[in-house]
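As structure tokens, the structure follows; a few thoughts come after it.
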Amino acid sequence: MQVLQSIVQWVLNLGANVFVPLVMFIIGMIAGLKFKKSFVAALTLGVAFSGMTLVVNYMTSVITPAAKAMSKAIHVSLTATDLGWTGVAAVTWTSKVAFLFFPLLLVVNFIMLALNWTKTLNVDMWNVWNKIFTYVLVYYMSGSMLFGFLVATLQIVFELKAGDMWQKTIKDLTGIPGVTVPHFITLFAVLLNPLNKILDFIPFFNKPFDAEHMQKKLGMWGRNDVMGFIIGILLGFAGGYGLSKSLTLGVEAACAMALFPMISKLFMEALNPIASAMGDFMKRHFKDREVFIGVDWPILAGRSELWVTMIILVPVELLFAVILPKNNVLPFAGIINLSFANAALLLTGANLMRMLALGIITTPIFLYGGTYFAPMITKLAKTTHAVKVPAGSQISWSTFEGPDFRFIFGNAFSGKWWAWVLVVVWILGFIWLYRTMMKAPLPSQRYVVAGNTNVAVADSPIESTNSVTTSASTDAYKKMSLNDLDGQDFSHKTKSTLNKTVNTKSSNTDGYKNMNLDDLDGQDFKGKHK
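Under the working numbering, the first residue of the sequence shown is numbered 36, with each subsequent residue one higher.
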């Protein structure tokens, strides 16, 4: 037992930025990737994680003082100090049973992979802390260590299934194949899904509002850095900053917004060769079975919709902290609500307006979650002596991770009958979410294109992001580019089969011009370029 605890402590001392790349290096070598490529990919991944951590911390450091200034301006003072996720994680790691959760995660994952119950191999070992945290909360609520381990195990199962569910969406949003995000924060989409379904009935929310379409509509005002600059200035003014300090905050926010997509390209560069090698390995040894590599949420951080949403929600969180009755948590260290934004990004397919609407509606859930669990987090800190808590005060987390799951399952295993009803509802909600996402169109094809009112939303995913939705207009052309053939394997296709697929619309709306592959016989394409 002491040996296992020492190994876990060694892993913790490495940190996520070293440990995860090390695991990825080993996976690359096992999958048959050459040493040089595995090493470079792993090192690039470490650089990407380190770079993203730096920029996230930078963004937090410039936004948090403005939020604190806003809270002073509106004269609000609450009893629970917000430590944010980093503070709570640090307290959680001091738990005496923390070392047991590494083997628990590995055993559950390997069993589910062996039984073909999941396609996700979760290498994000650092975030095992949120399983430990769930165990601690359920233990405090129920008084049973067994129940704590049981709920933590259920959390692992749901996370792995979420990894399966999100993979195609993540591939479309990031361009990185073969990876997914089996992170606990994405499970908040169980609550968001019914609300998102309601937004389907409002035409305004069925238009494309991702960063690409916004930039096309707004021009320079839709650029990442420009949006960051404007939002930063407005946040500075709201916090009572003068012009000079507000401009500085604007430039700092613009800097972070510009750097996020740059660093996200490093994730692509690092993960593409490993994912490709893993795919080939599975085809050779497991009859074409797919396995997705589960990593931490920062691979999504290149999407500007994530950061625009979280920054705009800062004053919303502060307003709710003031007006909500019996709320005791003042958002501070956790003011950047990652616990909401990642789930919303994946669920809505990066639709900014939907993300903001869902964020405004659900922000009270996080604050009440932080308030409800504040006594337990304070007890954990006092028990482990990890943080000194002044008498008469508490510590908590304003954007509490998974408030719904932990509240419902914790109370259920404490013997409350109404919580067991909510457990059934939550599980049914997860099944609904899973089925919804598995058959949903990809984000790039989900919403009606502006100016094309008759485009139907597909009921099933379309695998190629280069495909073009057919318009009802009789003047539209469907263009076929050689780019569309990139990566396609035609080795097992017959000429007659291929002839059926290569058709382009002519300018005559009553007919089609068929391009037959026989027409290409004898042609020499050497030296030709796309």
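Here a beta-carbon is modelled for each residue, glycine too, at the ideal position from N, C-alpha and C.
Whether residue i touches residue j by CB criterion (7 Å)
i	j	result
L301	A83	yes
P438	G384	no
P217	G198	yes
I370	A102	yes
A108	G275	yes
G67	F316	yes
A368	D117	yes
D260	A289	yes
V123	V422	no
I220	N386	no
V90	L294	yes
T155	L195	yes
L139	V214	no
L348	G394	yes
I443	L457	yes
L468	N228	yes
T419	T209	no
L150	F193	no
V186	V173	yes
I587	V225	Lying outside 36 to 565, the shown extent of the chain, residue 587 is not represented and no answer is given.
Spatially closest choice to residue i from the options, by CA coordinates
i	options	result
E247	P238, V458 and M262	M262
M160	A293, I328 and T406	I328
A379	K322, V143 and L230	L230
L78	T129, W452, M303 and I396	M303
P476	T99, A187 and Q202	Q202
Q429	L150, A76 and F408	F408
T292	V424, I265, K71 and L222	This sequence places Met at residue 292; Thr is not what is there. Among V424, I265, K71 and L222, the Cα nearest to that of M292 is on I265.
K69	F236, N151, L463 and I309	I309
F182	R441, T471, Y469 and I466	R441
W332	I237, G178, I205 and S281	I205
V343	K322, R319 and A392	A392
T397	A426, E352, T406 and V132	E352
T406	I98, V459 and A115	A115
Spatial neighbours of residue i in its chain, beta-carbon cut-off 7 Å, leaving aside the 5 residues before and after
i	result
A273	M105 and P350
N52	G81, F84, S85 and T88
E436	W120, N165, F219, I220 and S374
A312	G63, A66, G67 and L68
V424	T413, A416, K417 and I430
M473	M200
P399	F355 and L359
M297	none
W452	none
A454	I443, N446 and A447
Nonlocal neighbours in the same chain, by C-beta distance under 6 Å from residue i, ignoring five residues either side
i	result
F136	V163, K166 and I167
R389	L234, F240 and T383
M345	I371, N372 and A376
A133	I167
Residue(s) in a DSSP beta bridge with residue i
i	result
Q429	A115
I328	L156 and V214
V364	A115
Helix, strand or coil at residue i [DSSP, three-state]
i	result
T215	strand
I412	helix
V422	coil
V286	helix
K474	helix
A385	coil
N151	coil
E340	helix
E436	coil
L227	helix
G178	coil
S374	helix
G198	helix
D207	helix
P138	helix
F448	coil
S130	coil
S506	Note that S506 scores 37 on pLDDT, short of 50, meaning its location in the model is unreliable and no value can be drawn from it.
Nonlocal neighbours in the same chain, by C-beta distance under 8 Å from residue i, ignoring five residues either side
i	result
M176	M411, G445, N446, F448 and S449
A356	S106, V111, L113, N362, V364, L365, P366, L402 and S433
V158	V55, V58, M59, I62, I328, G329 and V330
V286	F264 and G267
V97	G267, L284, E287, A288 and A291
Near the ligand GTP: residue i beta-carbon under 6 Å from a heavy atom
i	result
A102	In the structure on display, the ligand GTP does not appear, and there are no ligands present to speak of.
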